[in-house]
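Enquirer:
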Amino acid sequence: MILRNALFTWGLVLAVPVCAVSAEGDLAKNLAIVRGVGVKGEGHAKATAAAKALAQSSAAELPAILAAMDGCSVLAENWLRGIAEGVAQKQVGGKLPVAELEKFLAQTKHSPRARRLAYEFVAGVDDSAEKRLIPTLLNDPSLELRRDAVALALADAAKVEDKKAAQAAFHKAFSAARDNDQIKAAADKLKELGETVDLATHYGFLQTWQIIGPFDNTGDKGWDVAYPPEAKVDLVAKYPGLKGEIGWKEATGKDDFGMIDLTKVLDKHKGAIAYASTEFISEKDQQVDLRLGSYNAHKIWLNGEELTANHVYHAGQQIDQYLTQGKMKKGKNAILLKICQNEQTEAWAQSWQFQFRICDTIGTAILSQDRPSAKTAFLPAIRR
Amino acid sequence: MKRFLLLAFAVLLLPLFTAADWLQFRGSDQTSLALDSKLALKYSPEQNLAWKAPLVGKGVSGPIVVGNRIFVTASNGANKQDHLHVLAFDMESGKRLWKREFWATGRCFHHPTSSVAAPTPASDGKRIFAFYSSNDLACLDLEGNLLWYRGLAHDYPKAGNDVGMSSSPLVVGETVIVQVENQGDSFAAGINTATGETRWRVQRPAGANWASPAALRGKDGKQLVLLQSGNGLTAHDPLTGEQKWKYDAGCSSIPSPTTVGNRIYLPANGLTALDVEDGATAANIAWDSIKLGGENASPVISGGKVFALRKDVLSGGDEKTGTELWQVRLKGRFWATPVVAGGHVYCVNQDGQCFVIKPGDEKGELVSTMELGDAILGSPAVAGNALLIRSDKFLYKIVP
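Protein chains in written order, with the numbering used here: chain A, 1 to 384; chain B, 1001 to 1400.
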């Protein structure tokens, strides 16, 4: 972060005319201080003073404030957003550097959130901005800009009367969609038009698993117990389980949203633990998001490395509820999940299930190279 | 000279807020009382709605008032409410003066009836402390300038509850206290109001809890912070977090404790009245009453009576003995804590009906029902003779 900040400061200072170096130097210095805020209040003493100084910035300095979001932490992003909004609001008559902000928006090298904010500033003073800019952002790295573009694409597709043209239009929206509601809306329309839609593949949900359980989790004591699969996944091995000898079972999910219901694979158990193992063939070395939804406490391993552990029971389940990042190597990768069930007796505390997918940071599916071939013509477009 | 110094000292001790302010959850002193206010006793949009301002997002937080401004939090987003808003409105006109938006750094899942904008914001009269279910804490001045920003779940990534969190922050002196209790990283913290730096942080029981911190104001002027969890109530020094005493009891996890002088009304065993002498190391039970236990709303004490909302019933009890005196059957489900103003109790249910009850010694009388027709879960605020209510969509100013 220190090196990035130094590069950021000098980059900004060198980018401005000599006569403005002093003021711009202060701007860069203060932005670097704000960018440096860390966890647990680190850097606040200086950052509060820098934020106060930055609040006096001119509208012309907005692009520089937005650019300071590039590569910074989510905390600093919020500091900078608060400062930028304050500066924008103070401009009498809403006079903002629209051309510069549009130029900033067009440069996808900038932070997706900063670009979105640039768009909002422009749209706030220019009624034509949505119509001019949004249609160009269908595959934008900013999820929010993309969302607006997908919404427009869905609306346009709904106006198409010719069936084939409508299918093509909804395919386009579906391929670009990353938000659940838009994915579902596009999929529903495609189904109405007679298409087969493979939602699980679009999301990248893993559907084929080897499952073993139940191991003992009476009194939640199994959470800290490393049962044999944590040391080695041996698909022919048998182990003593909660209610007798247990072995691995294959489970192939059919659910659109990748749900694997352990009560159907292993029966209903309380105070129990299951392990789910699968292999993922990666096209290349790459950083990926591993995203899990589950009512149950869980741990996730990638190639033997524990990536995350969430000791939380029955606090709801959502797609992408728990996100963690991991490094896939080219070729075969081993994924292991530990899914724990406690002994709550309430009707709402009986679920023992999970849904798990691999994707990039904006939710674009990353598919295992041995995944069965796509069922719809447009899926290769999202295959990574 | 001595008199001058005393006067100067007294002036320095004067709070930055006025009686018309409503600085935090349940009011500036957390009693939910505005005894000198004369609110509308009935409602018709033509006669009693001063204005109705649209909100940019959902929220079950209550409004707060500083001077002639009302501050409201809201949240929105495509598939999760990860956009956090702070809104400022002009009390007179209802005009939105400014809006600030942030990106949540913590978890944004919640029950459909709740919102990421669940905790009511707080103010010290100079600054707004906007807290969210995602455990983001933004500090702005009254003009909307960002002073500092903390992501407490960014600091402690296991802090969160996917049912939603709703504990509201509390300002005591120069510390804003947050209670972040959940199954993961469970803690309470005192944050420096000026810098956003952590003064103290204490571990709390690992379990879901939605109760808010409360202040116990001693006769000696010293304050303690009360933190209620499932297994009891602890009292802490607001500047250091040092625990002064603990009262073991099975407490509710939603309603919060209310204090009047040296007495604490604790949602435990129904409702438990505790007395604490200044400087004491323990709290002593005065009475407890199953019948005066509230469901979601916190207890309100006024005119020698305790008011408790349980399901669709408002109970009035004797403050001295804990004896239930009467019940009034209302309608619907209640999440908001009632306010007492001008001799009446105002109870707002989640269907947007506000019941006005005249509490007597032997019975309570339902005077009227205001029909707002909008889902309301946040506790109302009172400023002067105005009742301020927020729904998911609007901020209402209701006047006589």
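Glycine included, every Cβ here is placed at the ideal spot set by N, Cα and C.
Ignore the nearest five residues each way along the sequence and tell me which others in Val-21/A's own chain have a CB closer than 6 Å to its CB.
Expert: Any reading at Val-21/A must be qualified, since the residue scores a pLDDT of 45, below 50, and its modelled position is unreliable; the value itself is stated next. Closer than 6 Å at Cβ, skipping near neighbours: no residue.
Enquirer: Check the Cβ of Val-74/A against every Cβ in chain B and list those closer than 8 Å, keeping chain order.
Expert: Near Val-74/A (Cβ distances below 8 Å), the residues of chain B are Trp-1103, Thr-1105, Gly-1151, His-1154.
Enquirer: Would you kindly report the start and end of the unbroken alpha helix (DSSP H) that includes Lys-103/A?
Expert: Taken as a continuous stretch (DSSP letters only), the alpha helix (DSSP H) holding Lys-103/A covers 98 to 106.
Enquirer: Under 8 Å, do Val-1306/B and Gly-1317/B count as touching if we go by C-beta distance?
Expert: Result yes, Cβ atoms of Val-1306/B and Gly-1317/B sit closer than 8 Å.
Enquirer: Within this structure, are the beta carbons of Ala-251/A and Trp-209/A separated by less than 8 Å?
Expert: Yes, they are a contact pair.
Enquirer: My guess is that Gly-1352/B and Ala-1375/B are in contact by the Cβ rule of under 8 Å, so how many angstroms apart are they, rounded?
Expert: The Cβ separation is near 6 Å, so the contact holds.
Enquirer: Report the CB separation of Pro-1400/B from Ala-1040/B in whole angstroms; it is logged as a contact under 8 Å.
Expert: Right, the Cβ-Cβ distance comes to about 5 Å (below 8 Å), so this counts as a contact.
Enquirer: When you check each C-beta in the stretch 1197 to 1217 of chain B against every C-beta of chain A, which residues fall closer than 9 Å?
Expert: If the cut-off is 9 Å between Cβ atoms, the stretch 1197 to 1217 of chain B has Glu-1197, Thr-1198, Arg-1201, Ala-1206, Ala-1208 near chain A.
Enquirer: Who does Ala-226/A pair with in a DSSP beta bridge?
Expert: Note: Ala-226/A sits in no beta bridge, so no partner.
Enquirer: Spell out whether any CB of chain A is found under 8 Å from the CB atom of Gly-1144/B.
Expert: Closer than 8 Å: yes.
Enquirer: For a cutoff of 8 Å on Cβ pairs, would you count Gln-1243/B as touching chain A?
Expert: For Gln-1243/B, the answer is no, since every Cβ of chain A falls outside 8 Å of its Cβ.
Enquirer: DSSP state of Val-21/A, grouped into three classes?
Expert: Only weak support is given to the placement of Val-21/A: the predicted model assigns it a pLDDT of 45, under 50, and the question is left unresolved by the model.
Enquirer: List the residues of chain B whose Cβ lies closer than 8 Å to the Cβ of Gln-89/A, in chain order.
Expert: Residues of chain B passing the Cβ test: Trp-1098, Gly-1144.
Enquirer: Below 8 Å on the Cβ atoms is my contact criterion, and I expect Gly-1164/B with Thr-1120/B to pass it. Report the Cβ-Cβ distance as a whole number of Å.
Expert: So it is not a contact: roughly 14 Å between Cβ atoms.
Enquirer: In its own chain, which residues sit with a C-beta less than 6 Å from the C-beta of Thr-218/A, not counting the 5 before and 5 after it?
Expert: Hits under 6 Å: Gly-271.
Enquirer: Report the residues of the stretch 180 to 197 of chain A with a CB closer than 9 Å to any CB of chain B, ordered along the chain.
Expert: Of all residues in the stretch 180 to 197 of chain A, Asn-180, Asp-181, Gln-182 have a Cβ within less than 9 Å of some Cβ in chain B.
Enquirer: Would you report the Cα separation of Val-1396/B and Leu-1049/B, rounded to the nearest angstrom?
Expert: The residue you asked about is not Val; residue 1396/B is Tyr in the sequence shown. Cα to Cα, the separation comes out at about 7 Å.
Enquirer: In terms of residue numbering, what span does the beta strand (DSSP E) encompassing Arg-1201/B cover?
Expert: First-last of the beta strand (DSSP E) with Arg-1201/B: 1198 to 1203.
Enquirer: Below 7 Å on C-beta distance, what does Val-1163/B contact in chain A?
Expert: The contacting residues are Ala-315, Gly-316.
Enquirer: Just mark Glu-85/A as buried or exposed, buried being the case when its beta carbon has 16 or more other beta carbons within 10 Å.
Expert: Burial call: buried.
Enquirer: Are the beta-carbon atoms belonging to Pro-1169/B and Ala-1211/B less than 8 Å from one another?
Expert: No, the Cβ-Cβ distance between Pro-1169/B and Ala-1211/B is not below 8 Å.
Enquirer: Does DSSP put Lys-1099/B in a helix, in a strand, or in coil?
Expert: The answer is strand: DSSP assigns Lys-1099/B an E or B state.
Enquirer: Of the residues Tyr-322/A, Asp-156/A, Ala-45/A, Glu-77/A, which one's Cα is nearest the Cα of Cys-1108/B?
Expert: With distances taken between Cα atoms, Cys-1108/B lies closest to Tyr-322/A.
Enquirer: Taking beta-carbon pairs under 7 Å, can you tell me which members of the stretch 79 to 112 of chain A lie near chain B?
Expert: Residues passing the 7 Å Cβ filter: Trp-79, Arg-81, Gly-82, Ile-83, Glu-85, Gly-86, Gln-89.
Enquirer: For Phe-121/A and Leu-31/A, which I take to be in contact (beta-carbon distance under 8 Å), what is that distance rounded to the nearest angstrom?
Expert: With 8 Å as the limit, Phe-121/A and Leu-31/A do not qualify as a contact, their Cβ atoms being about 17 Å apart.
Enquirer: Over what stretch of residues does the alpha helix (DSSP H) that includes His-1154/B continue unbroken?
Expert: Its alpha helix (DSSP H) spans residues 1152 to 1155.
Enquirer: For Asp-360/A, which option in Gln-286/A, Ala-53/A, Asp-255/A has the closest C-alpha, if you only look at C-alpha atoms?
Expert: The shortest Cα separation from Asp-360/A among Gln-286/A, Ala-53/A, Asp-255/A belongs to Gln-286/A.
Enquirer: So, helix, strand or coil for Glu-1143/B, using DSSP?
Expert: Of the three classes helix, strand and coil, the one that applies to Glu-1143/B here is coil, per DSSP.
Enquirer: Given a cut-off of 8 Å on the beta-carbon distance, is the pair Ser-57/A and Ile-65/A in contact?
Expert: Contact: yes.
Enquirer: Measure how close the beta-carbons of Leu-1084/B and Arg-1096/B come, nearest whole angstrom, since I'm counting them as under 8 Å.
Expert: Contact flag wrong, Cβ pair sits at about 16 Å.
Enquirer: Can you tell me whether Ser-1302/B is helix, strand or coil according to DSSP?
Expert: DSSP places Ser-1302/B in strand when its eight states are reduced to three.
Enquirer: What is the rounded straight-line gap between the Cα of Leu-54/A and the Cα of Ile-1191/B?
Expert: In a straight line, the C-alpha of Leu-54/A is about 23 Å away from that of Ile-1191/B.
Enquirer: Could you name the residues of chain A that Thr-1195/B contacts, counting a contact when the two beta carbons are closer than 8 Å?
Expert: The answer, in chain order, is Gly-41, His-44, Ala-45, Thr-48.
Enquirer: Between Pro-141/A, Arg-178/A, Lys-189/A, Ile-83/A, which lies nearest to Ala-155/A when the distance is taken from Cα to Cα?
Expert: The shortest Cα separation from Ala-155/A among Pro-141/A, Arg-178/A, Lys-189/A, Ile-83/A belongs to Lys-189/A.
Enquirer: Going by alpha carbons, who is nearest to Glu-230/A out of Ala-186/A, Leu-367/A, Glu-306/A?
Expert: Of Ala-186/A, Leu-367/A, Glu-306/A, the residue nearest in Cα terms is Glu-306/A.
Enquirer: State the beta-bridge partners of Gly-244/A as determined by DSSP.
Expert: DSSP output for Gly-244/A lists Gly-241/A as bridge partner(s).
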